[in-house]
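Beneath this line is the structure, given in structure tokens, with notes to follow.
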Amino acid sequence: MTQNTPVKTTLPELSITLKCLFSSYLLVMGMGALLATAQILMTHGLADGKAGLSFDDIVYSYQGDPKHSKIETKLNGSMRDKASSADKLAIIKWVRHGAPKQQWDENIKDIFYKNCISCHSVIPGLPNFTRYDNVKKVAQSESGASFTMLTRVSHIHIFSISFIFLFNGIIFSYAIGIKEWQKALLVSLPFLFLSVDVFSWWLTKIHADFAWVTIISGVGYYLCWVITWLISMYQMWVLPYKKHKLNQLSQISTES
Ligand code: HEC
45 MTQNTPVKTT LPELSITLKC LFSSYLLVMG MGALLATAQI LMTHGLADGK
95 AGLSFDDIVY SYQGDPKHSK IETKLNGSMR DKASSADKLA IIKWVRHGAP
145 KQQWDENIKD IFYKNCISCH SVIPGLPNFT RYDNVKKVAQ SESGASFTML
195 TRVSHIHIFS ISFIFLFNGI IFSYAIGIKE WQKALLVSLP FLFLSVDVFS
245 WWLTKIHADF AWVTIISGVG YYLCWVITWL ISMYQMWVLP YKKHKLNQLS
295 QISTES
């Protein structure tokens, strides 16, 4: 360390005004985080019809729930009387398995030819079910996130959450007793996780397994945020009253 190093303020030494400002911010953001968690549990958490956030919830939210395809809705609704129960069941099972082309060629195609194409190939405006592509389209879920919605949510998410991380990181940067590289890691990781998180929503639309990336990155930035939040609060309000511990921690800072 040279003499030119600027004097560094630390969290325990901040003025009461700054401590109040920083803490108010952290508390309100903490409240926001709790509300956000509640919202995630209520919207995404129930996507698979069961309470609690699960892998399926994430997949259904972004990719759509195979049980809510247009075709299944119609077969239980206005197209109810267009096929026998056995045929309807066969179609629904096939749809729930992702409507694979192979089974279409084997036997599903015949079911459609028998029951559906008398209208769905001749009436203008109705999807033509003689072609697999058209069936596949209505076999996909309607409830998944659309690309328009994803684009909107993605950029709002990135812009707003970056600011939360930025201020949170600035406050935490004044912490003492933590190695510089560890601090640097803890303030930058959330941004990395955030980017990966948003990117994974798009990937989950393409393949369900990417929901794991959404889960891991979500937990990742949440953890970073909780750790820095707790340390900041502790160092502002508890540490100044623990002289012994304070001296110990100041030591570590100067060593690094
Ligand atoms: C008698 C004619 C007729 C037959 C047979 C018929 N449909 Fe339909 N279908 C319609 C009409 C008319 C509509 C539009 C009105 C509606 O959505 O209820 C429609 C709409 C649909 C839709 C919604 C299409 C969209 O893009 O909105 C689906 C899915 C569907 N039918 C599936 C089937 C399936 C599967 C079968 C065979 C088991 C079938 N239909 C047999 C006349 C028929």
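Residue numbers (this note's numbering): 45 to 300.
Glycine included, C-beta positions come from ideal geometry on N, C-alpha and C.
Just to confirm my understanding: we take C163, look at its own chain, exclude 5 residues before and 5 after, and list those with CB closer than 7 Å. What are they?
L170
Exposed or buried, A219, counting other C-beta atoms within 10 Å across all chains shown (16 or more means buried)?
Under this definition A219 is a buried residue.
Under the rule that 16 or more other beta-carbon atoms within 10 Å means buried, what is G142, buried or exposed?
exposed
What is the rounded straight-line gap between the Cα of S128 and the Cα of K145?
22 Å
From the DSSP output, in three-state form, read off S232 for me.
Taken through DSSP and simplified to helix, strand or coil, S232 comes out as helix.
Starting from the Cα of L55, find the closest Cα among N291, H288, L283 and give me that residue.
For the residues N291, H288, L283, the minimum Cα distance to L55 belongs to L283.
Which residue comes first and which comes last in the alpha helix (DSSP H) that contains L209?
In the sequence on display, residue 209 carries Phe and not Leu. Taken as a continuous stretch (DSSP letters only), the alpha helix (DSSP H) holding F209 covers 191 to 216.
Excluding sequence positions up to five away, which residues of its chain have a Cβ less than 6 Å from the Cβ of K126?
N159
Use the C-beta contact count for S221: other C-beta atoms within 10 angstroms, 16 or more gives buried, fewer gives exposed.
The residue asked about is misnamed: residue 221 is Gly in this sequence, not Ser. With 16 or more Cβ atoms within 10 Å of its Cβ, G221 is classed as buried.
Does the distance between the C-beta of P168 and the nearest non-hydrogen atom of the ligand HEC fall short of 7 Å?
Distances between the C-beta of P168 and the heavy atoms of the ligand HEC are all 7 Å or more.
For W225, is the classification buried or exposed, using 16 other Cβ atoms within 10 angstroms of its Cβ as the cut-off for buried?
exposed
With a 10 Å radius around its C-beta and 16 neighbouring C-beta atoms as the bar for buried, classify F203 as buried or exposed.
exposed
Could you give the residue range of the alpha helix (DSSP H) that holds N178?
176 to 183
Tell me the rounded alpha-carbon separation between F191 and Y266.
26 Å
Nearest to D100 by alpha carbon, out of V240, I275, D253?
Minimum Cα distance to D100 is reached at D253.
Below 8 Å, can you find three or more Cβ-Cβ pairs linking the segment 238 to 255 to the segment 270 to 286?
no
Using C-beta distances below 6 Å, list every residue in its chain close to S198, excluding the 5 sequence neighbours before and after it, in chain order.
Cβ neighbours of S198 beyond the five flanking positions: V242.
Determine the contact status of I161 and I135, defining contact as a CB-CB distance below 8 Å.
Their beta carbons are not under 8 Å apart, which means I161 does not touch I135 by this criterion.
Return the chain-ordered list of same chain residues with a C-beta closer than 7 Å to the C-beta of W246, the five sequence neighbours on each side being excluded.
L194
Between L62 and Q184, what straight-line distance do the alpha-carbon atoms span, to the nearest angstrom?
53 Å
What is the rounded straight-line gap between the Cα of A82 and the Cα of G262?
14 Å
Excluding the 5 residues flanking T46 on each side, which residues of the same chain have their C-beta closer than 7 Å to its C-beta?
With a pLDDT of only 48 at T46, under the threshold of 50, the placement of this residue in the model should not be trusted, and no figure is reported.
Compare the C-alpha of S239 against each of F209, C64, L70, Y285 and name the closest.
F209
Can we count S128 as close to the ligand HEC, meaning its CB is less than 7 Å from some heavy atom?
no
Could you check where the alpha helix (DSSP H) with E116 kicks off and where it finishes?
114 to 119
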